[in-house]
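Trainee: To start, I am sharing the structure in question, which I have written as structure tokens.
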Amino acid sequence: MAQHDIEVTISKTGEVKVHIKGVKGKACMEYAKWLTNAIGVVKDQKLTSEYYEPETKARIKLQQELGTGDE
Amino acid sequence: MSTIIILSPILYPAIIGGWPVITAAVTAAAVGLGLNVKEKVHEENKVEVAGAVEVEVDVNNSEVLTDNVVSGKELVLTSEEGIVIRVTRNERGQCKVCAYGKGFSKTELKARAEEFTQKLVQCFSYNRTVTELKNKEFQMINEEVMEDGSIRLHVRRWVD
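From first to last, the protein sequence lines stand for chains A and B.
According to my numbering, the stretch in the first sequence is residues 1 to 71, in order.
According to my numbering, the stretch in the second sequence is residues 72 to 231, in order.
So this is what it looks like as structure tokens:
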């Protein structure tokens with residue numbers, strides 16, 4: 001089992017900062033895509049070291065679960 | 072660490088539940104700022120107050136798809152000091168916040184309208200985010216309001 005954590009900060013002006021943790025490789029982008037679809041438009045994005053770690057099969061599973069498959 | 076994204080919210084209530092979604096955010100914002108939700112009326116019933124100054128503020132990214140929204144709906148909020156805030160939508164479907172009251176300058180009213188607009192967007196973002204996270208079975212680990220007025224959420228879920 002993998003632990004997926006998300007830290008969300010909603011500023012006073014309503015801007016939403018999302019920090020996705022514990023998701024290796026491009027799988028974290030599935031969460032990013034899902035939350036973007038739900039909330040609004042991307043103003044800024046930073047990839048951190050974990051993004052470049054080898055991804056697992058989790059990405060495909062997440063795509064199916066979050067409905068964020070390639071369009 | 073994996074990724075950090077910063078999102079600007081879009082208030083497309085027609086896509087995600089119609090005017091009631093905006094109503095929920097307006098009500099939450101009103102509670103947060105100590106305003107009373109006085110009544111929900113149609114625009115044609117608006118009561119004109121003689122001598123009242125009025126200012127209007129647009130809510131960015133709030134265009135509503137016209138199909139699902141009843142024209143002329145508005146929410147009226149009142150503060151104890153006598154400022155009335157109306158949340159309505161214009162002909163393009165965009166949300167508008169209008170503040171008026173007797174004995175207040177335009178600057179004061181604009182400040183109140185902008186303060187309310189910010190709170191409205193924050194409440195909308197909060198409701199939207201929490202609903203989506205709960206739908207995907209994230210558990211709330213921590214939730215706190217920071218000194219600067221921002222809301223910080225920490226959620227978690229376990230994946231096979």
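Note that CB positions come from ideal geometry on N, CA and C, so glycine has one too.
All figures in this text were calculated on a predicted structure; none of them were measured in a lab.
Figure out for me which residue from B:G174, B:I81, B:V130, B:T94 has the closest Cα to the Cα of L148 of chain B.
Mentor: Against the second sequence, residue 148 of chain B aligns to sequence position 77. If we check each option's Cα against that of L148 of chain B, B:T94 comes out closest.
Trainee: I'd like to know whether the C-beta of E114 of chain B is nearer than 8 Å to at least one C-beta of chain A.
Mentor: Translated into positions along the second sequence, residue 114 of chain B becomes position 43. Residue confidence for E114 of chain B is low, a pLDDT of 49 falling below 50, so the modelled location carries little weight; the figure read from the coordinates is stated next. It does not; no Cβ of chain A falls within 8 Å.
Trainee: Looking only at C-alpha atoms, which of B:K177, B:V168, B:S221 sits nearest to V8 of chain A?
Mentor: Within the first sequence, the letter at position 8 stands for residue 8 of chain A. That would be B:S221, whose Cα lies nearest to the Cα of V8 of chain A.
Trainee: Indicate whether the contact test is met: 3 or more Cβ pairs, each with one atom in the stretch 157-176 of chain B and one in the stretch 195-203 of chain B, closer than 8 Å.
Mentor: The stretch 157-176 of chain B, when compared against the stretch 195-203 of chain B, does not touch it at the 8 Å Cβ threshold.
Trainee: Is there at least one Cβ from chain B nearer than 8 Å to E15 of chain A's Cβ?
Mentor: The residue given as residue 15 of chain A occupies position 15 in the first sequence. It does; some Cβ of chain B falls within 8 Å.
Trainee: To the nearest whole angstrom, what separates the beta carbons of V230 of chain B and H4 of chain A, a pair I think is in contact under 8 Å?
Mentor: Within the second sequence, the letter at position 159 stands for residue 230 of chain B. Within the first sequence, the letter at position 4 stands for residue 4 of chain A. 6 Å between Cβ atoms; contact.
Trainee: Please decide whether E7 of chain A counts as near chain B, where near means a Cβ-Cβ distance under 8 Å.
Mentor: The sequence position of residue 7 of chain A within the first sequence is 7, counting from 1. Yes, contact with chain B.
Trainee: Which stretch, first to last residue, makes up the alpha helix (DSSP H) that contains E179 of chain B?
Mentor: Taking the first residue of the second sequence as position 1, residue 179 of chain B is located at position 108. It spans 177-206 - the alpha helix (DSSP H) in which E179 of chain B sits, taken as one unbroken run.
Trainee: Looking at chain A, is there any beta carbon in it that lies within less than 8 Å of the beta carbon of K173 of chain B?
Mentor: For the purposes of this step, residue 173 of chain B is taken as residue 102 along the second sequence, with counting starting at 1. False, the Cβ-Cβ gap to chain A never drops below 8 Å.
Trainee: Taking the alpha carbon of V226 of chain B as the point to measure from, which residue in B:E218, B:D219, B:Q210 has its own alpha carbon closest?
Mentor: Locating residue 226 of chain B in the second sequence gives position 155, where the first residue counts as 1. Cα-wise, what sits closest to V226 of chain B is B:Q210.
Trainee: Give the straight-line distance between the Cα atoms of M217 of chain B and L104 of chain B, rounded to the nearest whole angstrom.
Mentor: Reading the second sequence from its first residue, position 146 is the one you call residue 217 of chain B. Reading the second sequence from its first residue, position 33 is the one you call residue 104 of chain B. Taking the straight line from one Cα to the other gives about 16 Å.
Trainee: Could you tell me which of A:M1, A:L35, A:G14 sits nearest to I75 of chain B, measuring between CA atoms?
Mentor: On the second sequence, residue 75 of chain B is found 4 positions in, with the first residue counted as 1. Of the listed residues, the one whose Cα sits closest to I75 of chain B is A:L35.
Trainee: Could you check where the beta strand (DSSP E) with T68 of chain A kicks off and where it finishes?
Mentor: In the first sequence, residue 68 of chain A corresponds to position 68, counting from 1. Neither: T68 of chain A is in no beta strand (DSSP E) and is coded neither H nor E.
Trainee: Quick one: using the 10 Å Cβ neighbour count with 16 as the cut-off for buried, is M200 of chain B buried or exposed?
Mentor: Here the question's residue 200 of chain B lines up with position 129 in the second sequence. Looking at the sequence itself, residue 200 of chain B is Thr, so the reference to Met does not match. Under this definition T200 of chain B is a buried residue.
Trainee: Which residues does DSSP pair with P91 of chain B in a beta bridge?
Mentor: In the second sequence, counting from the first residue as 1, residue 91 of chain B sits at position 20. For P91 of chain B, which the question treats as bridged, DSSP gives no partner whatsoever.
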